[in-house]
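Contents: one structure, followed by commentary.
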Amino acid sequence: MPPKTTFLDSEAFGALLDFLDADREAAGDKFQSLRRRLVKLFEVRGARFPEDLADETISRVAGKVGKGLKIEAQDPFRYFCGVAFLVFKEVTRGRSRELAAMEDLRFHPAQELAEADERLPHLQRCLENLPKDNHQLILSYHQGEKGERISNRRRLADALGVTATALRIRAHRIRLALESCVEQGLSADSA
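0 is the number of the first residue of the sequence shown in numbering that gives the first Met the number 0; add one for each residue after it.
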């Protein structure tokens, strides 16, 4: 999906050209060079629409310059690169959301249930083999509905006398151990 387009009016574009050079022809040459460099920057980063991203970057900077922003950099390209980074970040964040949505569309409940049925006995065995405090912590950590988990986890962290981050790390380590245990059980079944 191409980036959203910021409208570039002639006044802002004129201000950008004035910023680049007092001579309009030299400003036009600098503008073309700047645009080519931005396109190349986005291409190197693997952007899907490098020309559109370069134009969006230029439009944003031109809008700011048109509103009176004074860019003090020796090389204005550095300022453009900073804005280009933010534009690229916006687009990639949007792209990762699109990919996550597409993954959700590939959900196959029957396959998921079959895999869950194979894993469940192993998970129960692995949970039983955990030390008692880890067993209780992981169950408490994942307890509750989605909206109330945060408050439950805060209470759990307070009860244990640790920070939320420390609690999250402990739960993560326990979950990794459980996953490894379940995978070992599945491997033993298939052998």
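All C-beta atoms in this analysis are idealised placements derived from N, C-alpha and C, irrespective of residue type, glycine included.
When you compare only the Cα positions, how much space is there between residue i and residue j?
i           : j           : result
residue 122 : residue 190 : 18 Å
residue 169 : residue 144 : 21 Å
residue 119 : residue 46  : 42 Å
residue 28  : residue 38  : 15 Å
residue 138 : residue 52  : 46 Å
residue 158 : residue 126 : 22 Å
residue 66  : residue 10  : 10 Å
residue 162 : residue 152 : 10 Å
residue 165 : residue 182 : 26 Å
residue 149 : residue 22  : 60 Å
residue 167 : residue 132 : 15 Å
residue 80  : residue 31  : 15 Å
Just confirm the distance between the C-beta atoms of residue i and residue j, as a whole number of angstroms; I'd bet it's less than 8 Å.
i          : j          : result
residue 64 : residue 15 : 5 Å
residue 34 : residue 57 : 6 Å
residue 76 : residue 36 : 6 Å
Would you identify the three-state DSSP class for residue i, choosing helix, strand or coil?
i           : result
residue 148 : helix
residue 130 : coil
residue 141 : coil
residue 44  : coil
residue 54  : helix
residue 74  : coil
residue 20  : coil
residue 27  : helix
residue 67  : coil
residue 162 : coil
residue 136 : helix
Taking buried to mean at least 16 other C-beta atoms within 10 Å of its own C-beta, is residue i buried or exposed?
i           : result
residue 54  : buried
residue 61  : buried
residue 174 : exposed
residue 85  : exposed
residue 172 : exposed
residue 68  : exposed
residue 92  : exposed
residue 83  : buried
residue 106 : Residue placement at residue 106 is poorly supported in this model, since its pLDDT is 49, which falls under 50; the coordinates still yield a value, given next. Under this definition residue 106 is an exposed residue.
Residues in its own chain within less than 6 Å of residue i by CB, not counting five upstream and five downstream?
i          : result
residue 12 : 61
residue 20 : 26, 29
Please go through the same chain and pick out, in chain order, the residues whose beta-carbon is closer than 7 Å to the beta-carbon of residue i, but skip the five residues on each side of it.
i          : result
residue 44 : 87
residue 49 : 38, 41, 42
Could you name the residues of the same chain whose beta carbon sits closer than 8 Å to that of residue i, not counting the 5 residues immediately before and after it, in chain order?
i           : result
residue 154 : none
residue 17  : 26
Please report whether the beta-carbon of residue i lies at a distance below 8 Å from any beta-carbon of chain C.
i           : result
residue 142 : Although the question refers to chain C, the structure presented lacks it and comprises just one protein chain.
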